[in-house]
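One structure is given below, encoded as structure tokens.
2 protein chains.
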Amino acid sequence: MTEYDRALSLQATDEDGAFVVDLSRDWSIGAAVNGGFLMSVVGEAARRVTVERGHPDPLTFTAHFLSAAQEGPADVRVDLVRSGRTQSTLSASLAQGGTDRVRVLAAYGDLAGLPDERLVTIDPPAMPPPEQCVRNDQMPAGNKPGPFLDRLDLRLDPDTAGWAVGEPTHRGRIQGWVRTPDDRAPDPVFLLMILDCLPPVTFDFGRYGWAPTVELTAHLAALPEPGWLQVRLMTDHYAGGLVSEDAEVWDSTGRLVARARQLAREPRQR
Amino acid sequence: MTEYDRALSLQATDEDGAFVVDLSRDWSIGAAVNGGFLMSVVGEAARRVTVERGHPDPLTFTAHFLSAAQEGPADVRVDLVRSGRTQSTLSASLAQGGTDRVRVLAAYGDLAGLPDERLVTIDPPAMPPPEQCVRNDQMPAGNKPGPFLDRLDLRLDPDTAGWAVGEPTHRGRIQGWVRTPDDRAPDPVFLLMILDCLPPVTFDFGRYGWAPTVELTAHLAALPEPGWLQVRLMTDHYAGGLVSEDAEVWDSTGRLVARARQLAREPRQR
């Protein structure tokens with residue numbers, strides 16, 4: 001069993017759609033459990049409810065982050081809103097001690113059942129192979145603020161990692177390769193975490209510090225093949241203290257498998 | 001009082017956060033009330049709840065469309081999830097006869113209170129002025145399937161309107177100018193409708209017919225100035241029978257005021 005799968009050991013309770021989970025400090029970054037990981041936790045709970053309807057995969061998954069999750073027990077609750085032929089719609093929440101951490105509205109379906117036709121899609125950006133990229137543990141300590149980064153084998157394209165040595169490019173782009181150290185095969189729920197695993201693009205504007213996500217919406221496009229994933233973060237709108245951040249994820253065959261857009265507040269410290 | 005404001009005449013009920021509204025056939029397109037208009041209806045109900053908290057404007061607004069809304073009475077319900085200093089998070093629904101039509105998860109704040117700094121933004125696309133664009137009533141009747149289009153003064157850039165005369169470009173882009181015939185000044189809740197008022201980009205691939213929205217997430221960026229709005233729809237991912245459709249809206253000063261991404265199913269008829 002991989003580290004990620006152990007961390008996602010949700011316990012069903014007597015109540016329909018209600019689960020408990022123990023959030024480990026291992027998945028924390030800064031003063032909070034990583035938001036991407038929390039999406040995988042809620043995404044997995046939802047999957048357990050919708051898989052019985054023939055809808056194992058998130059198609060669209062919106063998460064609002066209400067307060068910072070801490071290590072320790074958490075309650076996850078999934079409420080099916082509507083289940084039809086092609087999809088199930090649900091709302092869900094993750095709370096600790098009665099305080100909401102995350103609220104979710106999502107639709108699940110069956111990615112394996114979609115037709116294979118691709119009219120328009122996005123190709124992965126050109127970047128050097130993983131062995132020529134910058135590893136987490138090669139970055140200055142100040143930019144490695146939590147154990148979450150040890151959960152991933154992240155290789156940043158040196159061309160987009162200038163911020164790590166105090167030379168942000170101000171282009172608003174960070175990209176690289178990612179997998180877990182134990183090479184856990186990706187699946188759609190795992191991709192929810194990958195969509196929010198890179199440092200925020202605000203780093204590339206020299207604005208370090210935590211950029212709290214207000215809302216992130218993920219769209220899942222296809223079942224990923226095993227192997228390295230490529231991830232690209234970028235922004236084309238950063239104004240009024242809010243940043244619109246787009247993430248794309250490609251699997252080892254170069255196919256777009258997931259994307260997200262999030263609205264985040266820029267870091268207070270500059 | 002403008003036509004749009006009359007249509008948004010929500011009646012508060014005795015229950016906190018619960019409203020009733022009469023959906024007029026005037027805002028229908030095809031066999032359903034327009035989804036963008038429904039977002040404005042729910043968005044207005046939410047605004048009435050959050051304005052008391054100092055948060056009059058949607059910042060991020062996610063709508064799931066569960067079934068087609070019909071003319072007639074509808075119940076709108078807003079539940080405040082959390083209200084803090086800078087924003088209020090809420091869930092909401094629009095139902096008819098107990099059947100959910102729309103489910104919403106949103107965060108409201110105060111756009112007027114945001115700092116004016118713009119680090120990165122998107123400029124409006126080049127397009128001819130409104131008087132050199134194609135009006136709704138100049139389009140072939142087959143592409144004008146409901147009274148909703150008469151609620152808007154829509155002027156399409158001829159370069160992106162080939163689909164209206166059976167010559168789709170397959171580029172996946174539709175753009176133009178829009179306002180109401182009575183030139184109602186836009187506001188953030190009004191922009192929710194504008195984000196989904198153009199024909200679907202699937203038309204530009206020659207795939208006519210209704211492309212049902214699964215989910216649409218709007219981000220509001222700034223308070224719009226009065227006058228014409230510019231709108232651009234585009235897709236960069238259309239695969240597996242699902243289309244990812246991006247909408248951007250600029251105000252009369254050329255400032256990006258709202259954007260959205262939606263996940264829609266492609267039309268069944270081709």
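Heads up: the sequence lines are chains A and B, in that order. Its first residue numbered 1, the first sequence is counted upward by one per residue in this note's numbering. Its first residue numbered 1, the second sequence is counted upward by one per residue in this note's numbering. All C-beta atoms, glycine included, are put in the ideal place defined by N, C-alpha and C.
Identity of the residue in the options nearest residue i by Cα
i, options, result
"A:Leu-90", "A:Thr-99, A:Arg-47, A:Glu-117, A:Pro-129", "A:Arg-47"
"A:Pro-226", "A:Asn-136, A:Trp-250, A:Trp-210, A:Ala-239", "A:Trp-250"
"B:Ile-122", "A:Ala-239, A:Tyr-4, A:Gln-262, A:Arg-268", "A:Ala-239"
"B:Arg-184", "B:Ile-194, B:Met-139, B:Gly-146", "B:Ile-194"
"B:Ala-247", "B:Arg-255, B:Phe-205, B:Cys-197", "B:Cys-197"
"A:Ser-40", "A:Leu-10, A:Tyr-208, A:Val-178, A:Leu-263", "A:Leu-10"
"A:Met-139", "A:Pro-128, A:Val-231, A:Asp-153", "A:Asp-153"
"A:Val-51", "A:Gly-72, A:Gly-84, A:Gly-176", "A:Gly-84"
"A:Gly-172", "A:Pro-124, A:Asp-187, A:Gly-162, A:Asp-79", "A:Gly-162"
"B:Ala-95", "B:Arg-82, B:Gln-87, B:Ser-67, B:Leu-80", "B:Ser-67"
"A:Gln-132", "A:Asn-34, A:Asp-159, A:Thr-13", "A:Asp-159"
"B:Ser-88", "B:Asp-116, B:Pro-124, B:Gly-54, B:Arg-232", "B:Gly-54"
"A:Glu-157", "A:Val-78, A:Thr-180, A:Gly-97, A:Asn-136", "Residue identity check: residue 157 of chain A is Asp in the sequence provided, not Glu. Checking every option, the nearest Cα to that of A:Asp-157 belongs to A:Asn-136."
"A:Ser-244", "A:Glu-266, A:Thr-253, A:Pro-224, A:Gln-230", "A:Glu-266"
"B:Pro-199", "B:Asp-14, B:Val-21, B:Ile-29, B:Glu-15", "B:Ile-29"
"A:Thr-206", "A:Thr-253, A:Glu-215, A:Glu-167, A:Ser-252", "The question names Thr, but residue 206 of chain A is Gly in the sequence shown. For A:Gly-206, the nearest C-alpha among the options comes from A:Glu-167."
"B:Asp-16", "B:Pro-73, B:Asn-34, B:Asp-79", "B:Asp-79"
"A:Leu-263", "A:Gly-254, A:Val-214, A:Ser-252", "A:Val-214"
"A:Arg-259", "A:Asp-100, A:Ala-221, A:Val-33", "A:Ala-221"
"A:Pro-129", "A:Thr-99, A:Glu-117, A:Gly-176", "A:Gly-176"
Coarse secondary structure for residue i, derived from DSSP in three states
i, result
"B:Arg-151", "helix"
"A:Trp-163", "helix"
"B:Glu-131", "helix"
"A:Gln-284", "Within the shown structure, residues of chain A are numbered from 1 to 270, placing residue 284 of chain A beyond reach of any answer."
"B:Pro-58", "strand"
"A:Tyr-4", "helix"
"B:Gly-206", "coil"
"B:Ile-122", "coil"
"B:Ala-295", "Chain B is shown only over 1 to 270; residue 295 of chain B falls outside these bounds and no answer can be derived."
"B:Ala-185", "coil"
"B:Arg-53", "helix"
"A:Asp-100", "strand"
"A:Asp-26", "helix"
"A:Ala-68", "coil"
"B:Arg-270", "The predicted position of B:Arg-270 is uncertain, since its pLDDT is 44 and thus under 50; a value taken from the coordinates is nonetheless stated next. B:Arg-270: coil per DSSP, three-state reduction."
"B:Ala-31", "coil"
"A:Asp-137", "helix"
"A:Met-146", "Note on residue identity: the sequence assigns Gly, not Met, to residue 146 of chain A. Three-state DSSP puts A:Gly-146 in coil, outside helix and strand."
"B:Leu-111", "helix"
Unbroken beta strand (DSSP E) run spanning residue i, endpoints
i, result
"B:Leu-233", "229-239"
"B:Arg-77", "72-83"
"A:Ile-174", "173-179"
"A:Leu-23", "18-23"
"B:Leu-220", "213-220"
Extent of the continuous alpha helix (DSSP H) to which residue i belongs
i, result
"B:Arg-332", "With chain B covering 1 to 270 only, the question about residue 332 of chain B has no answer from this structure."
"A:Ser-252", "Premise fails: A:Ser-252 is in no alpha helix (DSSP H) and is neither H nor E."
"B:Val-49", "35-50"
"A:Leu-191", "188-194"
Rounded Cβ spacing between residue i and residue j (contact assumed at less than 8 Å)
i, j, result
"A:Ala-63", "A:Val-76", "Their Cβ separation, rounded to whole angstroms, is 12 Å, which puts A:Ala-63 and A:Val-76 out of contact at 8 Å."
"B:Leu-149", "B:Val-257", "With a Cβ gap of about 22 Å, B:Leu-149 and B:Val-257 do not count as contacting."
"A:Val-276", "B:His-237", "As displayed, chain A neither begins before 1 nor continues past 270, which places residue 276 of chain A out of reach and without an answer."
"A:Thr-284", "A:Val-201", "Not covered by the structure: residue 284 of chain A. The range shown for chain A is 1 to 270."
"A:Leu-105", "A:Ala-69", "The pair is not a contact, with the Cβ atoms about 18 Å apart (cut-off 8 Å)."
"B:Asp-57", "B:Pro-188", "4 Å"
"B:Trp-27", "B:Phe-37", "4 Å"
"A:Ala-107", "A:Leu-59", "5 Å"
"A:Arg-155", "A:Thr-217", "That pair is no contact at about 26 Å."
"A:Phe-61", "A:Pro-212", "Not really, about 19 Å apart at Cβ, beyond 8 Å."
"A:Arg-151", "A:Glu-3", "7 Å"
"B:Leu-114", "A:Leu-242", "7 Å"
"A:Arg-179", "A:Trp-210", "Their Cβ separation, rounded to whole angstroms, is 25 Å, which puts A:Arg-179 and A:Trp-210 out of contact at 8 Å."
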